[in-house]
Amino acid sequence: MLTTNPFDDDTLHEECGVFAIYGHAEAAALTALGLHALQHRGQEAAGIAAFDGKTFNVQRALGHVGDNFSSQEVIGRLKGHAAIGHTRYATTGDVVLRNVQPLFAELSVGGFALAHNGNLTNNQKLRRRLVERGSIFQSTTDTEVVVHLIATSLNNTVVDRMIDALRQVEGAYSCVAMLDDAIIGVRDPNGVRPLCLGKLGDVYILASETCALDIIGADFVRDIEPGELVIIDKDGLHSRHPFPRAQRRFCIFEHIYFARPDSVVEGTSVYEARKHIGAELARESHVDADIVIPVPDSGVPAALGYANEAGIPFELGIIRNHYVGRTFIEPTDQIRHLGVRLKHNANRANIAGKRVILVDDSIVRGTTSVKIVAMMRAAGAREVHMRIASPPTTHSCFYGVNTPERNKLLAAQMDIEEMNDFIGSDSLAFVSIDGLYRAMGKRSRNTSDDQGYCDACFTGDYPISLTDHDNGSGATVSRLAESA
Ligand code: AMP
1 MLTTNPFDDD TLHEECGVFA IYGHAEAAAL TALGLHALQH RGQEAAGIAA FDGKTFNVQR
61 ALGHVGDNFS SQEVIGRLKG HAAIGHTRYA TTGDVVLRNV QPLFAELSVG GFALAHNGNL
121 TNNQKLRRRL VERGSIFQST TDTEVVVHLI ATSLNNTVVD RMIDALRQVE GAYSCVAMLD
181 DAIIGVRDPN GVRPLCLGKL GDVYILASET CALDIIGADF VRDIEPGELV IIDKDGLHSR
241 HPFPRAQRRF CIFEHIYFAR PDSVVEGTSV YEARKHIGAE LARESHVDAD IVIPVPDSGV
301 PAALGYANEA GIPFELGIIR NHYVGRTFIE PTDQIRHLGV RLKHNANRAN IAGKRVILVD
361 DSIVRGTTSV KIVAMMRAAG AREVHMRIAS PPTTHSCFYG VNTPERNKLL AAQMDIEEMN
421 DFIGSDSLAF VSIDGLYRAM GKRSRNTSDD QGYCDACFTG DYPISLTDHD NGSGATVSRL
481 AESA
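Quick note: the sequence shown uses the UniProt record's numbering, first residue 1, plus one each step.
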């Protein structure tokens, strides 16, 4: 069944990873490995486009990278010396193949493949204008808006068309693209999402995170700068800064939860940042206890930092089953509850009779915390103190991290005492916003700081305009439904 609504948008809740490589005989195989390391950024679908000098070879699939891109047969079909790849995770709307990236378009100036991490905030407005002028959309991703803007631009070269297109979009983006003679990497002027440059011998690589360089033994060169566009071709790397300068606003939630702890993003080790946040949390909200227990896996580095700072033993009091996807992927509340039980189990021997400090990275809906606190009590904990290594999540993200609408965010509905009652803990504390910035090496939160972060999910201070949301054309429009 196909109900066509060109203004559909299922992209408000999207997280992704991107990878690109130019000038290697095994480009697709290396891209598959890179995507495997970026699997945490998107687990619903993945795709690779490779160019062999004549043909753009594209394979896109629903599901994990390892399930779809590990066979010789598939990789063998993706011939080429250049490739780009994408992992996608969108929790609302249909998960259909037509939305899986990289997107490919035959432009008047040649073939063009594009993969995007982030979220455009004026997608609906631009899409409406394009449709009115005759564009026929094939997917419901905001990335396709960029493709149509490029296709209809009057500039001569693909690069100039891409710059023209990106000057019209608002929002967060780290994109990789492939033409018949180059790959391109670009970050939005605020640098909200990460994108780094690596080298394997003489071969340039672009990736969302450094862990995707490590997996193939490539060296980290530098981060792509906010507002920078790099072109990598047979002559090497060319850098341009085609957008007006803007304040740096890297997503602080990448450090708290989203990026992999073994990655270094924007010059900071994610693992170290999380440990520092845990230490700040311990300084700010001390409580007498016998053991510190992380909510695995994302709470582990912060719990280590907390335990070290507080001088309280760190114990693995919860064991995680790694064969279950992230709780958030489950589409309904009912299944989400089930998911949490499937995922975590108490390590009872450590807990009975103890005063426990539980450390998690964040509370979103509160589902995880409710389950875990109850699990600690059922395992015989004498006291359960919940400590959260981020400030209360009070606002939705519109720039590419999946957060539910505000009315589903626990901290948008309740104060800390009410949340403590709801979760069932003996005490609850969050790291303060200034504590978070101190952990990131700043004196405090300072909005005039040009080395700043986007912390809108904690403060409501949105650095990039929310055009679609303000116009009421966000996720409320009807959506495209398709079955194979
Ligand atoms: P909740 O159970 O709704 O309170 O969500 C909090 C849990 O989900 C924490 O354990 C986090 O590690 C994890 N989490 C936080 N943000 C996200 C996200 N954007 N996507 C997936 N999981 C998340």
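Don't be surprised by glycine CBs; every beta carbon is placed ideally from N, CA and C.
> Comparing alpha-carbon positions, which option in LYS354, ALA82, LYS371 lies nearest LEU342?
Replying inline: When each option's Cα is compared against that of LEU342, the closest is LYS371.
> Does the stretch 74-88 come close enough to the stretch 37-57 that 3 or more CB-CB pairs lie under 8 angstroms?
Replying inline: In this structure the stretch 37-57 touches the stretch 74-88; the number of beta carbon pairs closer than 8 angstroms is three or more.
> In whole angstroms, what separates the C-alpha of GLY236 from that of SER285?
Replying inline: The C-alpha of GLY236 lies about 51 angstroms from the C-alpha of SER285.
>> Going by DSSP in three states, TYR204 sits in which element: helix, strand or coil?
In response: Three-state result, TYR204: strand.
> Where does THR3 fall in DSSP's three states?
Replying inline: At THR3 the pLDDT is 31, less than 50, meaning the model places this residue with poor confidence; the figure from the coordinates comes in the next sentence. THR3 falls in the strand class under three-state DSSP.
>> Considering Cα atoms alone, identify which of ARG133, ARG77, ASN99, ASN190 is closest to CYS251.
In response: For the residues ARG133, ARG77, ASN99, ASN190, the minimum Cα distance to CYS251 belongs to ASN190.
> Any chance the stretch 372-391 sits against the stretch 134-144, with 3 or more Cβ pairs inside 8 angstroms?
Replying inline: For the pair of segments examined, the stretch 372-391 was found not to touch the stretch 134-144: the number of CB pairs separated by less than 8 angstroms stays below three.
> Unbroken beta strand (DSSP E) runs of length 3 or more, entirely within the stretch 11-65: which are they?
Replying inline: Counting only runs of 3 or more, we get 14-22, 45-51, 56-62.
>> Taking only three categories from DSSP, how would you classify ILE318?
In response: If DSSP states are grouped into helix, strand and coil, ILE318 belongs with the strands.
>> Quick check on DSSP: helix, strand or coil for ILE464?
In response: Under the three-state reduction of DSSP output, ILE464 falls in the coil class, being neither helix nor strand.
>> Quick check: is the beta carbon of PHE398 nearer than 8 angstroms to any beta carbon in chain B?
In response: You won't find chain B in this structure, because it holds only one protein chain.
>> Looking at the secondary structure, which residues open and close the beta strand (DSSP E) in which CYS175 lies?
In response: Following the DSSP letters along the chain, one finds CYS175 inside the beta strand (DSSP E) bounded by residues 171-178.
>> Restricting to Cα atoms, I'd like to know which of HIS276, ALA207, SER362 is closest to LEU33.
In response: The candidate whose alpha carbon is nearest that of LEU33 is ALA207.
>> Less than 7 angstroms separating the Cβ of VAL401 from some heavy atom of ligand 1?
In response: For VAL401, the CB falls within less than 7 angstroms of some heavy atom of ligand 1.
> By the 10 Å Cβ neighbour count, where 16 or more other Cβ atoms means buried, how is THR91 classified, buried or exposed?
Replying inline: At THR91, the pLDDT of 46 sits below 50, so the modelled position is not reliable and the matter cannot be decided from this model.
>> Can you look up THR91 in the DSSP assignment and give me helix, strand or coil?
In response: Low confidence applies here, because THR91 scores a pLDDT of 46, under 50, leaving its location unreliable and the question unanswered by this model.
>> Among the candidates ALA439, ILE277, GLY201, LEU35, whose CA atom is the shortest distance from the CA of ALA115?
In response: The shortest C-alpha to C-alpha distance from ALA115 to any of ALA439, ILE277, GLY201, LEU35 is the one to LEU35.
> Closest to VAL169 by CA distance: which of THR157, SER139, ARG129, ASN156 is it?
Replying inline: Here the closest residue by C-alpha is ARG129.
> With distances taken from CA atoms, which of ILE357, SER239, ASP164, GLY134 is nearest ILE183?
Replying inline: Of ILE357, SER239, ASP164, GLY134, the residue nearest in Cα terms is SER239.
> Would the beta-carbon of GLY452 be found less than 7 angstroms away from any heavy atom of ligand 1?
Replying inline: Result no, Cβ not under 7 angstroms from ligand 1.
>> Buried or exposed, going by whether 16 or more other CB atoms sit within 10 Å of the CB of ALA303?
In response: Counting Cβ neighbours within 10 Å, ALA303 comes out buried, since at least 16 surround it.
> In terms of residue numbering, what span does the beta strand (DSSP E) encompassing ASP360 cover?
Replying inline: Taken as a continuous stretch (DSSP letters only), the beta strand (DSSP E) holding ASP360 covers 355-360.
> Taking the alpha carbon of residue 485 as the point to measure from, which residue in SER298, TYR306, ILE163, PRO313 has its own alpha carbon closest?
Replying inline: Coverage of the chain is limited to positions 1 through 484, which leaves residue 485 absent and any answer about it impossible.
> Three-state secondary structure (DSSP) at ARG133?
Replying inline: Coil, per DSSP.
> Does the count of Cβ pairs from the stretch 193-210 and the stretch 253-269 closer than 8 angstroms reach three?
Replying inline: Enough Cβ pairs lie closer than 8 angstroms, so yes.
> What residue does the beta strand (DSSP E) around PHE104 start on, and which one ends it?
Replying inline: Here the beta strand (DSSP E) through PHE104 covers 103-107.
>> Is the separation between the beta-carbon of ALA346 and that of TYR306 shorter than 8 angstroms?
In response: The Cβ atoms of ALA346 and TYR306 do not sit closer than 8 angstroms to each other.
> Under the criterion of a Cβ to heavy atom distance below 7 angstroms, does THR367 qualify as lining ligand 1?
Replying inline: The answer is yes for THR367.
>> Let me make sure I understand the geometry here. Which of ASN155, ARG248, ALA352, LEU166 has the alpha-carbon closest to that of ALA381?
In response: Across the set ASN155, ARG248, ALA352, LEU166, the C-alpha of ALA352 shows the shortest separation from the C-alpha of ALA381.
>> To the nearest angstrom, how far is the alpha carbon of SER269 from that of HIS276?
In response: A straight-line Cα-Cα distance of about 11 angstroms links SER269 and HIS276.
> For ASP461, which of GLY134, ASN402, ARG249, SER432 has the nearest alpha-carbon?
Replying inline: Across the set GLY134, ASN402, ARG249, SER432, the C-alpha of ARG249 shows the shortest separation from the C-alpha of ASP461.
> Taking the alpha-carbon positions, what's the ILE318 to ILE312 distance?
Replying inline: Pairing ILE318 with ILE312, the inter-Cα distance amounts to about 17 angstroms.
>> So for THR327, helix, strand or coil by DSSP?
In response: Interpretation of THR327 is limited by its pLDDT of 46, a score under 50 that renders its predicted location unreliable; no figure is taken from the coordinates.
>> Tell me whether the stretch 121-135 and the stretch 158-176 touch, counting them as touching only if at least three CB pairs, one residue from each stretch, are closer than 8 angstroms.
In response: The stretch 121-135 is in contact with the stretch 158-176.
> In chain order, what residues of the same chain have a beta carbon less than 7 angstroms from the beta carbon of PHE56, not counting five sequence neighbours either side?
Replying inline: Non-local C-beta neighbours of PHE56 in its own chain, meaning closer than 7 angstroms and more than five positions away in sequence, comprise ALA49, PHE104, GLY111, ALA113, ordered along the chain.
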